[in-house]
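Asks: Handing you a structure now.
Protein chains in written order, with our numbering: chain A, -13 to 97; chain B, 10 to 121.
Below is the structure:
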């Protein structure tokens, strides 16, 4: 049972910002939003996660709406190497909590 | 150079054979996971282990078996009972209760 919905695909031009949306309208108070990405035929790679506040690291920024029902992953200057499937995942922090991957959104960065 | 290794990268199996996929990590992580990915789909959890000598079934455990005799190793056996084993198999590990899972490069299993 998917807790998140993402568009199937999007594209952006190299050097521009890529804004990847995610809806999680049933998120509960103790659940975090995680983003992973998977480059073709490789294992997924952790990008970023957050609870309420916006987060930024060397890879991306995560913007979470005030009601926490949606979020946006921002790649500030997309490169061709950012072409991948991006997964938005909602997860609580219990000891036995597992990651549930949906189909994600395929980002294609064009030259 | 810490990380997760999976071998082999490609594996061929004849129908009716069992086959074991290797997963090793030197990150000193307590928890390890096995996922299956079919073309165009997300990952589905097969088995996971939070600690040595203990493991739990995930969402699609039927036809698979695992062992966790050592902290750094979590091999997955695809048995002949798994009727559709062709897939991309991914192993991951994390610190106990931690948010971030680290993934290996995957093994692609093909049934001949």
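Positions of the beta carbon are idealized from the N, C-alpha and C atoms, including for glycine.
1) Does the count of Cβ pairs from the segment 14 to 23 of chain B and the segment 56 to 68 of chain B closer than 8 Å reach three?
2) Output the distance between the C-alpha atoms of residue 101(A) and residue 109(B), rounded to the nearest integer angstrom.
3) So, does the CB of residue -7(A) fall closer than 9 Å to a CB anywhere in chain B?
4) Inspect the beta-carbon positions of residue 70(A) and residue 42(A) and report whether they are closer than 9 Å.
5) Ends of the beta strand (DSSP E) at residue 76(A)?
6) Looking at the C-beta of residue 73(B), does it have a partner C-beta in chain A at a distance below 9 Å?
7) Measure the alpha-carbon distance for residue 33(B) versus residue 99(B) and round it to whole angstroms.
8) Counting Cβ pairs, one atom from each stretch, are 3 or more of them under 8 Å apart for the segment 38 to 57 of chain B and the segment 85 to 97 of chain B?
9) Comparing C-alpha positions only, which one of 28(A), 30(A) and 51(A) sits nearest to residue 39(A)?
10) Give the secondary structure of residue 36(B) by DSSP, where H, G and I count as helix, E and B as strand, and everything else as coil.
11) In the DSSP assignment, what residue or residues form a beta bridge with residue 92(A)?
12) For residue 77(B), count the other beta carbons within 10 Å of its own beta carbon; 16 or more makes it buried, fewer makes it exposed. Which is it?
13) Identify the continuous beta strand (DSSP E) that holds residue 36(A) and give its terminal residues.
14) Check this for me: beta carbons of residue 18(A) and residue 68(A), under 9 Å apart or not?
15) Any Cβ of chain B within less than 9 Å of the Cβ of residue 84(A)?
16) Any beta carbon of chain B sitting closer than 9 Å to that of residue 30(A)?
17) List, in chain order, every chain B residue whose beta-carbon is nearer than 9 Å to that of residue 73(A).
18) Taking Cβ-Cβ distances shorter than 7 Å, what residues in chain B pair up with residue 88(A)?
19) Considering only residues of the same chain and omitting the five flanking positions on each side of residue 13(A), which have a CB-CB separation below 6 Å?
20) Mapping the DSSP letters down to three states, classify residue 66(A) as helix, strand or coil.
21) For a cutoff of 9 Å on Cβ pairs, would you count residue 55(B) as touching chain A?
22) In angstroms with no decimal places, state the Cα-to-Cα distance between residue 14(B) and residue 64(A).
23) Let me confirm a value: residue 91(B) is counted as buried when at least 16 other C-beta atoms fall within 10 Å, else exposed. Which label applies?
24) Taking residue 95(B) as the query, report the chain A residues whose CB atoms sit under 7 Å from its CB, ordered along the chain.
Replies: Taking the definition as stated:
1) no
2) Since the first residue shown for chain A is -13 and the last is 97, residue 101(A) is missing from the structure and cannot be characterised.
3) The residue given as residue -7(A) occupies position 7 in the first chain. So, not an interface residue.
4) Taking the first residue of the first chain as position 1, residue 70(A) is located at position 84. Taking the first residue of the first chain as position 1, residue 42(A) is located at position 56. Contact flag unset, no.
5) As a working note, residue 76(A) is residue 90 in the first chain. Per DSSP, residue 76(A) belongs to the beta strand (DSSP E) from 70 to 78.
6) Position 64 of the second chain, counted from the first residue, corresponds to residue 73(B). No, residue 73(B) lies away from the interface with chain A (no Cβ there is under 9 Å from its Cβ).
7) In the second chain, residue 33(B) corresponds to position 24, counting from 1. In the second chain, residue 99(B) corresponds to position 90, counting from 1. Rounded to the nearest angstrom, the two C-alpha atoms are 12 Å apart.
8) Verdict: yes, contact present.
9) Stepping through the first chain from its first residue, residue 39(A) is reached at position 53. Measuring from the Cα of residue 39(A), the nearest candidate turns out to be 51(A).
10) Here residue 36(B) is taken as the residue at index 27 of the second chain, counted from 1. In the displayed model, residue 36(B) falls within coil according to three-state DSSP, outside both helix and strand.
11) Along the first chain, read from residue 1 onward, the residue named residue 92(A) stands at position 106. Note: residue 92(A) sits in a beta bridge opposite -5(A) and 71(A).
12) The residue labelled residue 77(B) in the question sits at position 68 within the second chain. Per the 10 Å Cβ criterion, buried.
13) For the purposes of this step, residue 36(A) is taken as the residue at position 50 of the first chain. Note, residue 36(A): beta strand (DSSP E), 31 to 36.
14) Here residue 18(A) refers to the residue found at position 32 of the first chain. Here residue 68(A) refers to the residue found at position 82 of the first chain. Not closer than 9 Å, so no.
15) Your numbering for residue 84(A) matches position 98 in the first chain. It does: the Cβ of residue 84(A) has a partner Cβ on chain B nearer than 9 Å.
16) For the purposes of this step, residue 30(A) is taken as residue 44 along the first chain, with counting starting at 1. Chain B, which has a Cβ nearer than 9 Å to the Cβ of residue 30(A), makes this yes.
17) As a position in the first chain, residue 73(A) is number 87, starting the count at 1. Those within 9 Å of residue 73(A) in chain B are 51 and 52.
18) Position 102 of the first chain, counting from 1, holds the residue named residue 88(A). The contacting residues are 51.
19) To locate residue 13(A), count along the first chain from 1; it is residue 27. Same-chain partners within the cutoff: 54 and 76.
20) Counted from its first residue, the first chain places residue 66(A) at position 80. Note: residue 66(A) maps to helix in three-state DSSP.
21) On the second chain, position 46 is the one that residue 55(B) refers to. Not an interface residue.
22) One-based indexing of the second chain puts residue 14(B) at position 5. One-based indexing of the first chain puts residue 64(A) at position 78. Each residue's alpha carbon lies about 29 Å from the other.
23) Looking up residue 91(B) in the second chain gives position 82. Answer is buried; the Cβ neighbour count reaches 16.
24) Locating residue 95(B) in the second chain gives position 86, where the first residue counts as 1. The contacting residues do not exist; residue 95(B) stays about 15 Å from chain A at best.
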